[in-house]
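Have a look at the structure below before the remarks.
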Amino acid sequence: MTLALMALPRNADASRAAAIETAIESACRSIAPTWPLDRFIAVSPYWEQIERPFAEVDARQRRLAGRGLQMPFDYFRETWRERRFDAGHLRTAVAEQGVAGEVEAIIAALESAHAPADERRPLPLPSDSLDRHRDLRHEPAWADLVTQQVSQFCAAWFDAGESDWAMPTGASLYADWRRAIAADRGIDLLVHLPQRKARVAMLEPDARAMIGQAVDALGILDAELEDFLHLVLMRINGWAAWCAYRRWQARLGGSEDDCLLELLAIRLAWECLLDDGRRDDHSSWADWRKAWQRRDPEPVGSRFARTCQRALEIAYEQRLGRSLAACTDRDEAAAEVLAVFCIDVRSEVFRRALEAVAPNLRTAGFAGFFGLPVAYAPIGTALREPRLPGLLAPALEVSERVVAGSDDDLRRRRGQRLQASAGWRSTWQLPAAAFGLVEALGIGHALKLVRRSLPATAARCAVTDAGLSKHELDSLRPRLVIAGSDVRKKRVDLAETVLRAMSLSRIEARVVALVGHGSQSANNAHAAGLDCGACGGQAGDLNARVLADLLNDSTVRAALPGRGLQIPDDTVFVAALHNTTTDEVELFEDHAIPGSQAPLVRGLVDALRAAGARARAERAATLGLDAASGDARLLRALHQRANHWAETRPEWGLAGNAAFIVAPRARSRGVDLGGRAFLHDYDWRSDRGEVLELIMTAPMVVAHWINMQYHASMVDPVLYGSGNKLLHNVVGGHIGVFEGNSGDLRIGLPLQSLYDGRRWMHEPLRLSVFIEAPRPMIDAVIERHAVVRQLVDNGWLHLFRIEPEGHAVEVRSGGAWIAGTEAAPVHD
Numbered sequence: 149m150t151l152a153l154m155a156l157p158r159n160a161d162a163s164r165a166a167a168i169e170t171a172i173e174s175a176c177r178s179i180a181p182t183w184p185l186d187r188f189i190a191v192s193p194y195w196e197q198i199e200r201p202f203a204e205v206d207a208r209q210r211r212l213a214g215r216g217l218q219m220p221f222d223y224f225r226e227t228w229r230e231r232r233f234d235a236g237h238l239r240t241a242v243a244e245q246g247v248a249g250e251v252e253a254i255i256a257a258l259e260s261a262h263a264p265a266d267e268r269r270p271l272p273l274p275s276d277s278l279d280r281h282r283d284l285r286h287e288p289a290w291a292d293l294v295t296q297q298v299s300q301f302c303a304a305w306f307d308a309g310e311s312d313w314a315m316p317t318g319a320s321l322y323a324d325w326r327r328a329i330a331a332d333r334g335i336d337l338l339v340h341l342p343q344r345k346a347r348v349a350m351l352e353p354d355a356r357a358m359i360g361q362a363v364d365a366l367g368i369l370d371a372e373l374e375d376f377l378h379l380v381l382m383r384i385n386g387w388a389a390w391c392a393y394r395r396w397q398a399r400l401g402g403s404e405d406d407c408l409l410e411l412l413a414i415r416l417a418w419e420c421l422l423d424d425g426r427r428d429d430h431s432s433w434a435d436w437r438k439a440w441q442r443r444d445p446e447p448v449g450s451r452f453a454r455t456c457q458r459a460l461e462i463a464y465e466q467r468l469g470r471s472l473a474a475c476t477d478r479d480e481a482a483a484e485v486l487a488v489f490c491i492d493v494r495s496e497v498f499r500r501a502l503e504a505v506a507p508n509l510r511t512a513g514f515a516g517f518f519g520l521p522v523a524y525a526p527i528g529t530a531l532r533e534p535r536l537p538g539l540l541a542p543a544l545e546v547s548e549r550v551v552a553g554s555d556d557d558l559r560r561r562r563g564q565r566l567q568a569s570a571g572w573r574s575t576w577q578l579p580a581a582a583f584g585l586v587e588a589l590g591i592g593h594a595l596k597l598v599r600r601s602l603p604a605t606a607a608r609c610a611v612t613d614a615g616l617s618k619h620e621l622d623s624l625r626p627r628l629v630i631a632g633s634d635v636r637k638k639r640v641d642l643a644e645t646v647l648r649a650m651s652l653s654r655i656e657a658r659v660v661a662l663v664g665h666g667s668q669s670a671n672n673a674h675a676a677g678l679d680c681g682a683c684g685g686q687a688g689d690l691n692a693r694v695l696a697d698l699l700n701d702s703t704v705r706a707a708l709p710g711r712g713l714q715i716p717d718d719t720v721f722v723a724a725l726h727n728t729t730t731d732e733v734e735l736f737e738d739h740a741i742p743g744s745q746a747p748l749v750r751g752l753v754d755a756l757r758a759a760g761a762r763a764r765a766e767r768a769a770t771l772g773l774d775a776a777s778g779d780a781r782l783l784r785a786l787h788q789r790a791n792h793w794a795e796t797r798p799e800w801g802l803a804g805n806a807a808f809i810v811a812p813r814a815r816s817r818g819v820d821l822g823g824r825a826f827l828h829d830y831d832w833r834s835d836r837g838e839v840l841e842l843i844m845t846a847p848m849v850v851a852h853w854i855n856m857q858y859h860a861s862m863v864d865p866v867l868y869g870s871g872n873k874l875l876h877n878v879v880g881g882h883i884g885v886f887e888g889n890s891g892d893l894r895i896g897l898p899l900q901s902l903y904d905g906r907r908w909m910h911e912p913l914r915l916s917v918f919i920e921a922p923r924p925m926i927d928a929v930i931e932r933h934a935v936v937r938q939l940v941d942n943g944w945l946h947l948f949r950i951e952p953e954g955h956a957v958e959v960r961s962g963g964a965w966i967a968g969t970e971a972a973p974v975h976d
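To convert, take the position in the sequence shown, counting from 1, and add 148; that gives the numbering used here.
Have a look at this one:
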């Protein structure tokens, strides 16, 4: 090996420097963030690329990574055999894409025993070419070794005090890596890397300069820079996504974080360290250049798969469009009880069940954080937990107060318990402590471990309940903290904003239940992903309780009529939590309901219990449970499932999500949407456009994130899924997981969240958005917001408009509205 390569002149030309800088920014911008496990929310991994058309990103992903944004062709052969789409849908898809004469060829391929090829070879990095000349039976592949080395370093560097032996770190990820790699003798035991110290010494000390040094040394042309740097980050995509999260959070707070750029520099530095400096025709560099510059034609199977993907979407859209357009009963009868649920798709099943058992009760849908931009600061802890969508930064804080007793006393007692618990946990974390401690404590503690492994039916318990007894938990009430002057006006302003956003400017019900949701599972690293994404990956009970308290405040209520909001004087708001694993609903502070509304609340409790039984029965088959065994047995089985340490599928979460419906409930009442639709209540007649704008720029975007995370985790599980739950090891206490003990940080959903061992539980369709509103209102939002315009016009979701005064459905296509086509016969 020679060091001559490392001494080449760099960035001498201003235009070259500008091209490199532009490519760095583009590559870093192409990586979407991933949230930590304790706040794990759904994110589209393509989010930072939505300014490009969906088809263009699909083609680019195929070229760089070898897989695009659709399932392999074999998947569509199965859906074709299951008659989930037909020739009519294929013809419509082909006409949309302007590809004539392919319908018969696609059908022939779908019915053939042999599927056409649909995989492309991904573009390589220089280190990949080196591996072609290595004996991989006896030597580790450089590509795998580099990923392992970078990943292990990042795991140690980003660790937030969870490990017992912490790495000393400075302010720069790249500078610390450069020092570590120079001193790390462990690498020499794994592979032969001549002149390692000397080569490391020649690496630029500045991360940005290192990137310039690498692309010049490797001979990357200006036209190749953007794709090359993007590919480099994709090779360490999990940690790149974590760095993108740090940058996202920094920017929400008005600052910057350069870890993503420094990670790019580290991965490129490895390419330089492995480069042997040869540039002759027989060098590995020459092999890499030939492979990099190749332009393989698109496989027939991938082109067919893209058409089948669209046909499958069209089949779903036409069925749903017909169902929504067919609604004729638009009268909303007054009801004494109104239940407002989070728009999460799991609430669709429960709402349908509740309306069936209590026809005189109305339900509505709204984002689960209930419009409260808050962070939660539990009493006696240093925690500050965002309880709002990841798109937003908290503007207010919720603390806690003791109803009867001293806040200071509880704060002190809890702090002592948590400190003692932390010390006990650290004892268990020492090497081999689990065995030694059980031996020292004797059989009594061993029996405790056995009991914890037996089937249990314990109720849901939040992490934020730690250090508190049940009596102490019952004595606490959340308290909204609003700083500054004129607190009363700010509380009224907040109440008005939320009520208008919920299309509740006129309430007739005497009891309004605000129903958040949360999941229940044990030993589940991705548990937060089953909670409420709108609440920052937490349960929605806190937000529901805070809003109920705000709307029950007599001083707030007295001011609302002056804001044009009509609420009967005796109407009471009550908070509730829907446990989506067991379909039980818990009401909070229902004992404080005035006597006149008590019968209504008791009736609501009975209706919720009956609805839960119906919802459990509907979901039982997908969990392999027998609904015919009776609700008591089914509920017990669900509780055991929720508490079982080895259960990899406590529930299916948002699998199957496919639609976002923005309309009055009357538009979808009585329609079985199969737990696949987000239902957001909206009445355009009481809106001047502000509410629709809020819905299309926040809940619709969150629904798109959820939809695309499920989509990406299924169509590209290597890059965007987190693999097998059975092999997960948590990294840094909360950052993410390894699949095994090394490799890249895994992001996205585990396989068990999508697949039941025999069949896929999700169908990877782009989100279909149906909005009941006049054209000008929808168009105005699209015109004002680039993000919404990109999502719609670049094909990241499909937007439909339901005519408010009729039954017509239109689709937004090419920047214009066109009449929805009639579906060909579909065999469900």
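Virtual Cβ for every residue (Gly too), placed ideally from N, Cα, C. Computed from a predicted model, the values in this text were never measured in an experiment.
9 Å Cβ cutoff met for residue i and residue j
{"i": "Arg426", "j": "Trp433", "result": "yes"}
{"i": "Val850", "j": "Ala190", "result": "yes"}
{"i": "Ala811", "j": "Glu656", "result": "no"}
{"i": "Arg639", "j": "Glu737", "result": "no"}
{"i": "Leu977", "j": "Val298", "result": "As shown, the chain starts at 149 and ends at 976. That puts residue 977 outside it, with no answer to give."}
{"i": "Gln788", "j": "Ala604", "result": "yes"}
{"i": "Met350", "j": "Leu212", "result": "no"}
{"i": "Pro897", "j": "Tyr858", "result": "Checking the sequence, you will find Leu at residue 897 rather than Pro. Yes; because the gap between Cβ atoms is below 9 Å, this pair is in contact."}
{"i": "Ala649", "j": "Ile843", "result": "yes"}
{"i": "Arg344", "j": "Leu421", "result": "yes"}
{"i": "Ile414", "j": "Trp325", "result": "yes"}
{"i": "Val635", "j": "Thr719", "result": "no"}
{"i": "Gly968", "j": "Phe948", "result": "yes"}
{"i": "Ile854", "j": "Gly681", "result": "yes"}
CA nearest to the CA of residue i, picked from the options
{"i": "Asp266", "options": "Val339, Ala257, Arg470 and Leu273", "result": "Ala257"}
{"i": "Leu690", "options": "Leu621, Glu644 and Leu939", "result": "Leu621"}
{"i": "Lys438", "options": "Ala473, Asp276 and Cys391", "result": "Asp276"}
{"i": "Ala473", "options": "Ile384, Ala956 and Gly968", "result": "Ala956"}
{"i": "Arg833", "options": "Ser651, Ala825, Arg960 and Ala967", "result": "Ser651"}
{"i": "Ala780", "options": "Ser163, Asp731 and Trp800", "result": "Asp731"}
{"i": "Gly760", "options": "Ala775, Pro747 and Phe886", "result": "Ala775"}
{"i": "Val339", "options": "Gly943, Asp754, Ile384 and Leu293", "result": "Leu293"}
{"i": "Arg764", "options": "Ala291, Phe498 and Gln361", "result": "Phe498"}
{"i": "Arg232", "options": "Glu911, Gly968, Trp965 and Arg636", "result": "Glu911"}
{"i": "His933", "options": "Pro924, Glu841, Ser870 and Gly905", "result": "Glu841"}
{"i": "Ala630", "options": "Leu698, Gln296 and Ala707", "result": "The sequence given here places Ile at residue 630; Ala does not occur at that position. Residue Leu698 is the option with its Cα nearest to Ile630."}
{"i": "Pro537", "options": "Gly677, Trp440 and Arg210", "result": "Gly677"}
{"i": "Leu1017", "options": "Arg187, Trp387, Pro184 and Glu173", "result": "Missing from the structure shown is residue 1017; the chain here goes from 149 to 976 and no further."}
{"i": "Val251", "options": "Phe452, Ala814, Arg923 and His726", "result": "Phe452"}
{"i": "Ser901", "options": "Trp800, Ala328, Glu419 and Leu708", "result": "Trp800"}
Per DSSP, cross-strand counterpart(s) of residue i
{"i": "Phe918", "result": "Ile809 and Phe948"}
{"i": "Gly513", "result": "Phe489"}
{"i": "Ala871", "result": "The sequence as given places Gly at residue 871; Ala does not occur at that position. DSSP lists Pro898 as partners of Gly871."}
{"i": "Phe826", "result": "Phe808"}
{"i": "Leu642", "result": "Answer by DSSP bridge pairing: none, since Leu642 is not bridged."}
{"i": "Gln714", "result": "Arg654"}
Neighbour flag for residue i against chain D, beta carbons, 9 Å
{"i": "Glu267", "result": "Here chain D cannot be found, since the structure has a single protein chain."}
Given 8 Å as the limit, is there contact between the region 442 to 462 and the region 236 to 254, that is, 3 or more CB pairs closer than that?
yes
Does the pairing of the region 629 to 644 with the region 557 to 567 give three or more beta-carbon distances under 8 Å?
no
Using a Cβ distance threshold of 8 Å, determine whether the region 371 to 389 contacts the region 176 to 192, with at least three qualifying pairs required.
yes
Could you tell me whether the region 495 to 513 touches the region 543 to 559, using the rule of 3 or more Cβ pairs below 8 Å?
no
Kindly confirm or deny that the region 213 to 222 and the region 870 to 882 touch, where touching means at least three C-beta pairs closer than 8 Å.
no
Between the region 665 to 674 and the region 535 to 545, are three or more C-beta pairs nearer than 8 Å?
no
Does the region 741 to 749 come into contact with the region 609 to 623, if we say contact requires no fewer than three beta-carbon pairs (one atom in each stretch) closer than 8 Å?
Because the criterion of three Cβ pairs below 8 Å is not met, the region 741 to 749 and the region 609 to 623 do not touch.
For the region 207 to 280, list the alpha helix (DSSP H) runs that are entirely contained and at least 4 residues long, ordered along the chain.
221 to 229, 235 to 245, 251 to 259 and 274 to 279
Note down, one range per segment and in chain order, each alpha helix (DSSP H) of at least 4 residues found wholly within the region 306 to 355.
Runs of the alpha helix (DSSP H) inside the region 306 to 355: 321 to 331, 334 to 338 and 344 to 349.
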